[in-house]
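Residue numbers (our numbering): 659 to 788.
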């Protein structure tokens, strides 16, 4: 089962981490998050109930095109395309070349795991509450 690990960190912490990786000071482990969000709220927007239902639909039905997914989901094409592009940017969906000019959506993960460490973010949260 392929699992996507997601982490929550402030923009500054993500930038520090990215720079440390680029400088070779930090080598991310296999058990560390691969996708980061700046808040639970931003994660919730991407993985809303509606979007999780869409991901499950893609996994279960394996549509051969976005047009087929549109029919299966009942979502308007423009809305569906926007959602899929957004999810693709986060790596939650792959848009593969299908038959002819069709684009075939796929979900590369069966599971998402959220890593949320309270102690490391405590100061950021206290500052945000003031």
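Note that the Cβ used here is the ideal one computed from N, Cα and C, for glycine as well.
Taken through DSSP and simplified to helix, strand or coil, residue 722 comes out as coil. With a contact defined as Cβ atoms closer than 8 Å, residue 666 and residue 774 qualify at about 5 Å. Counting only the Cα atoms, residue 697 lies some 12 Å from residue 671. Under DSSP, the beta-bridge partners assigned to residue 665 are 694 and 773. Contact between residue 693 and residue 742 is absent: CB atoms are separated by about 16 Å, not below the 8 Å threshold. DSSP, read as helix, strand or coil, puts residue 685 in coil. CA-CA distance, residue 738 to residue 688, rounds to 32 Å.
Of 747, 695, 746 and 728, the smallest CA-CA separation from residue 673 is found for 695. Taking a C-beta distance under 8 Å as the contact criterion, residue 701 and residue 716 do not qualify as a contact pair. Taken through DSSP and simplified to helix, strand or coil, residue 761 comes out as strand. Assigned with DSSP and collapsed to three states, residue 755 falls in strand.
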